[in-house]
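Read the structure below first, then the notes.
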Amino acid sequence: MSGKEKEVTETSEAEIAVHWAEEDFIYPPASFIAQANVTDPSVYDRFSLENFPNCFKEYADLLTWYEYWHTTLDTSDAPCWKWFVGGKINASYNCIDRHLAKNKNKTAIHFVSEVETEKIEHITYQELYVRVNEFAAILRDFCGLKAGDTVTLHMPMVAELPITMLACARLGIIHSQVFGGFSGKACADRIVDSGSHVLITMDAYYRSGQLIDHKEKADTAVAEVAKENQKVDKVLVWQRYPGKYSAQTPMVEGRDFFVNELLKKYYGTRIDPVPMPAEAVLFLMYTSGTTGKPKGAQHSTGGYLAYVAGTSKYVQDIHPEDVYWCMADIGWITGHSYIVYGPLAICASTVIYEGVPTYPDPGRPWRIAQDLDVNIFHTAPTAIRALRKLGPDEPAKYNYHFKHMTTVGEPIEPAVWKWYYHAVGKGEAAICDTWWQTENGGFLCSTMPAIKAMKPGSAGPGVPGIHPIVYDNDGNVVPDGSGKAGNICIQNPWPGSFQTIWRDRDRYVSQYYEKYCKDPNSKRWQDWPYLTGDAAVVAADGYARILGRIDDVINVSGHRLGTKELESAAMTVAEVAEAAVVPVKHEIKGVEPDMYIALKPGISASEELAKKISQAIVTEIGAIARPRNVWIVPDMPKTRSGKIMRRVLGAISNNTDVGDVMTLANPEIVVEITKMVQGK
Ligand code: PRX
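Residue numbering for the sequence shown follows my numbering, starting at 3 and increasing by one per position.
What follows is the structure, given as structure tokens:
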């Protein structure tokens with residue numbers, strides 16, 4: 003990593019985060035406790051540091067292994083941890099085959115189309131088994147893929163997505179699902195980095211009432227990949243309506259294939275699941291960091307599956323008879339862990355909803371909940387804020403009852419939490435505010451729903467087996483209850499954690515471990531605290547309030563974006579000399595990006611140019627990254643050494659105090675930019 007990339011911006015999200023006051027405890031309903039999977043507080047003793055790492059056997063034993071492991075945690079290649087070494091397992095087998103004997107007729111997936119008049123599709127475990135097997139045959143026999151190969155998926159929220167993932171897992175093929183809302187160009191970057199030669203996509207999907215042509219993104223992706231001297235040999239195209247092509251873009255002869263055509267040839271084929279070493283890679287999930295290039299978080303098979311199965315049972319409190327709905331997108335880690343792998347590993351019925359929560363109106367989620375009798379609900383603060391704003395009284399109109407609700411992805415304001423609790427949960431549900439990251443595989447902090455009281459605005463203590471610690475910048479421990487914020491780290495490894503950054507071990511070590519490593523030659527896990535990159539305040543009771551990122555990452559509607567990625571996208575416009583992104587508070591999205599631009603000499607600002615820059619960001623990354631505004635400024639506020647003062651720009655965007663700017667090289671520019679942005 004170059005020195006420049008390492009440079010930290012002056013404004014971190016934590017600095018502008020809401021610092022709300024501590025709230026009082028709210029106790030879980032007795033009705034919830036009476037039925038919960040875990041009610042005994044001794045679970046925290048079982049998962050104490052003294053019992054580490056063997057405590058995680060409890061999670062691994064939820065799975066079916068071909069061969070049991072001989073070493074629970076191998077630290078010899080620290081900090082690349084290996085879990086359940088010697089064990090052999092298959093994720094697809096664990097999510098499907100082993101449930102057939104008793105539950106073949108149970109719904110595995112309820113697929114809910116955005117089009118409300120379309121019937122809900124209920125896919126049983128038997129049907130899932132058949133469809134996964136037949137698709138696995140295409141992967142193996144038509145595409146020639148085998149264990150260890152990578153495949154990129156760029157799919158929307160449809161049942162065919164988990165079918166594709168589980169077919170890959172059946173053969174030990176590493177899947178890399180790219181969020182469907184990302185652009186073709188963003189997909190291409192991830193195809194190149196992962197080394198995939200097969201792209202799996204869908205022709206179209208519904209979003210806000212529009213049937214969107216998705217196949218066109220595949221064409222862009224393949225063309226972009228070619229520029230990097232890599233070739234996508236095959237594009238497999240699922241059809242949103244089997245037998246009918248719903249996209250406008252033509253199929254490319256010899257490259258693009260309709261899955262539904264190919265499937266005919268493999269009717270009835272059954273593919274034995276491949277027993278994989280526990281530490282074999284199950285999937286890659288790309289995420290944003292401090293550099294312009296997204297990084298592939300590499301997740302294992304055995305450790306990951308054990309962790310998501312365990313936390314689905316203990317924290318999500320999923321029982322066999324529950325109807326569980328996580329409204330996240332499978333293109334993000336939440337969907338991988340808590341729509342697909344966790345729930346299916348424990349034989350749950352999981353709901354997949356294709357569309358926008360507020361389409362056609364903000365009563366939609368509650369109608370789905372009522373119709374399917376959903377009793378566990380899982381979503382993000384952004385969705386909760388939008389539903390609250392557009393339909394505060396909607397939940398009361400519908401007859402559904404949640405026993406458990408989850409929030410994930412961003413800090414949730416106490417006022418929003420309370421609406422979630424009272425209006426959505428009708429005061430009957432336990433809420434888990436789950437804090438974690440793409441890299442982690444599963445939850446880090448949350449209350450255990452039947453054991454710990456809830457505290458609005460606080461995620462809670464580490465879940466069993468996760469031992470957080472807060473350090474200041476110099477490596478001193480910030481004690482719980484000190485009221486001071488610091489960098490929240492995890493003292494111990496856990497099975498769900500990523501193994502490394504795909505093909506970039508150095509970056510893995512430097513980004514997550516270097517800062518607080520006690521001895522870089524050590525093979526002891528105790529010497530390698532994991533740096534999450536979040537700032538937090540931990541109260542005397544051990545409950546963590548997450549304040550936001552300490553690096554150049556911003557969290558827009560729960561989507562993680564690197565400011566460098568946005569800035570690099572803006573720099574693709576030839577006229578741009580410098581670009582700086584700052585997060586600005588937004589009522590629904592939490593924050594959104596505000597883009598400041600300085601142009602090359604001789605070029606004048608115009609409305610068209612601002613639009614062109616905004617469009618470049620959408621093309622490079624996707625619509626979720628579209629900035630609030632593109633401010634073309636005469637010059638950036640800079641330190642005397644020439645560093646852009648993002649802190650000052652952030653303050654201007656957020657209407658807060660810019661502080662002392664007299665030491666800047668060009669303090670007069672601050673007045674000018676303030677006038678431009680705030681009109682005063
Ligand atoms: O800043 C934290 C925030 O989201 C970041 C991780 O984003 P991502 O990798 O996309 O994963 C999101 C879903 C697991 C974290 O570093 N974050 C996540 N959950 C919470 C949160 N901030 C506050 N409270 C949460 N519950």
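Glycine included, C-beta positions come from ideal geometry on N, C-alpha and C.
This structure is a prediction, so every number in the text was calculated from the model and none was measured.
Legend entry - alpha helix (DSSP H) segment containing residue 392, residue limits: 383–392
Legend entry - residue 212: CB within 7 angstroms of a non-hydrogen atom of ligand 1: no
Inset, instruction - Please look up how many angstroms separate the CB atoms of residue 312 and residue 60, rounded, as I've assumed it's under 8 angstroms. - result: 7 angstroms
Inset, instruction - Report back the beta-carbon spacing between residue 348 and residue 320 to the nearest angstrom; my notes put them in contact at under 8 angstroms. - result: 6 angstroms
Legend entry - Per-residue burial, residue 234 [other beta carbons within 10 Å of its own, 16 or more giving buried]: buried
Inset, instruction - Could you please give me the residues that DSSP links to residue 500 through a beta bridge? - result: BP columns for residue 500 are empty, so no partner.
Legend entry - Residues bridged to residue 538 (per DSSP): 488, 548
Legend entry - Identity of the residues DSSP links to residue 435 by a beta bridge: 409
Legend entry - Distance CB(residue 29)-CB(residue 466) smaller than 8 angstroms: no
Legend entry - residue 681 burial status per 10 Å Cβ neighbour count (16 or more: buried): exposed
Legend entry - Where the alpha helix (DSSP H) through residue 587 begins and ends: Careful: residue 587 lies outside any alpha helix (DSSP H), inside the beta strand (DSSP E) at 578–588.
Legend entry - Any non-hydrogen atom of ligand 1 within 7 angstroms of residue 164 CB: no
Inset, instruction - Quick one: using the 10 Å Cβ neighbour count with 16 as the cut-off for buried, is residue 272 buried or exposed? - result: exposed
Inset, instruction - Kindly indicate the opening and closing residues of the beta strand (DSSP E) around residue 317. - result: Careful: residue 317 lies outside any beta strand (DSSP E) and carries neither H nor E.
Inset, instruction - Go through its chain and collect everything with a Cβ distance to residue 534's Cβ below 6 angstroms, but skip five positions before and after it. - result: 490
Legend entry - Identity of the residue in 405, 94, 209 nearest residue 275 by Cα: 94
Legend entry - Pick from 24, 27, 37, 25 that is closest to residue 452, judged by C-alpha positions: 37
Inset, instruction - Just jot down, in chain order, the residues whose CB lies closer than 7 angstroms to any heavy atom of ligand 1. - result: 289, 334, 335, 336, 409, 410, 411, 412, 413, 414, 435, 436, 437, 438, 439, 440, 441, 461, 534, 535, 536, 548, 550, 551, 557, 560, 561, 562
Inset, instruction - Locate the beta strand (DSSP E) running through residue 61, then write down its first and last residues. - result: Segment 59–62 is the alpha helix (DSSP H) holding residue 61; no beta strand (DSSP E) there.
Inset, instruction - Give the single residue among 439, 664, 345 whose Cα lies nearest to the Cα of residue 536. - result: 439
Inset, instruction - With a floor of 3 residues, list each beta strand (DSSP E) that falls wholly inside the segment 56–99, ordered by position along the chain. - result: 73–76, 84–87
Inset, instruction - Quick one: residues in its chain with C-beta nearer than 7 angstroms to the C-beta of residue 73, no 5 flanking neighbours on either side, listed in chain order? - result: 87, 88
Inset, instruction - Verify whether the separation of the beta carbon atoms of residue 303 and residue 284 is less than 8 angstroms. - result: yes
Inset, instruction - Specify, as a first and last residue, the run of the beta strand (DSSP E) that residue 40 falls within. - result: Residue 40 -> no beta strand (DSSP E), and no H or E assigned at all.
Inset, instruction - Please report how far the alpha carbon of residue 671 lies from the alpha carbon of residue 655, in whole angstroms. - result: 14 angstroms
Legend entry - Best match in 618, 78, 169 for proximity to residue 524 [C-alpha to C-alpha]: 78
Inset, instruction - Output the boundary residues of the beta strand (DSSP E) element that contains residue 284. - result: 283–289
Inset, instruction - Output the residue ranges of the alpha helix (DSSP H) runs that lie fully inside the segment 147–229 and measure 4 residues or longer, sorted by chain position. - result: 162–173, 186–196, 217–229
Inset, instruction - Consult DSSP for residue 367 and reduce its assignment to one of helix, strand or coil. - result: helix
Legend entry - Residues near residue 190 in its chain [Cβ-Cβ closer than 6 angstroms; skip 5 each side]: 223, 226, 227
Inset, instruction - Just the C-alpha distance for residue 309 and residue 65, rounded to the nearest angstrom, thanks. - result: 10 angstroms
Inset, instruction - Indicate the three-state DSSP secondary structure (helix, strand or coil) for residue 607 in the structure shown. - result: coil
Inset, instruction - Return the chain-ordered list of same chain residues with a C-beta closer than 7 angstroms to the C-beta of residue 659, the five sequence neighbours on each side being excluded. - result: 653
Inset, instruction - Could you tell me if the beta carbon of residue 453 falls within a distance shorter than 7 angstroms of some heavy atom in ligand 3? - result: Summarising the ligand content, the structure contains ligand 1 and does not contain ligand 3.
Inset, instruction - Have a look at the DSSP bridge pairing and note the partners of residue 327. - result: 353, 379
Inset, instruction - Please determine if the segment 329–339 and the segment 132–143 are in contact, where contact requires at least 3 C-beta pairs separated by less than 8 angstroms. - result: no
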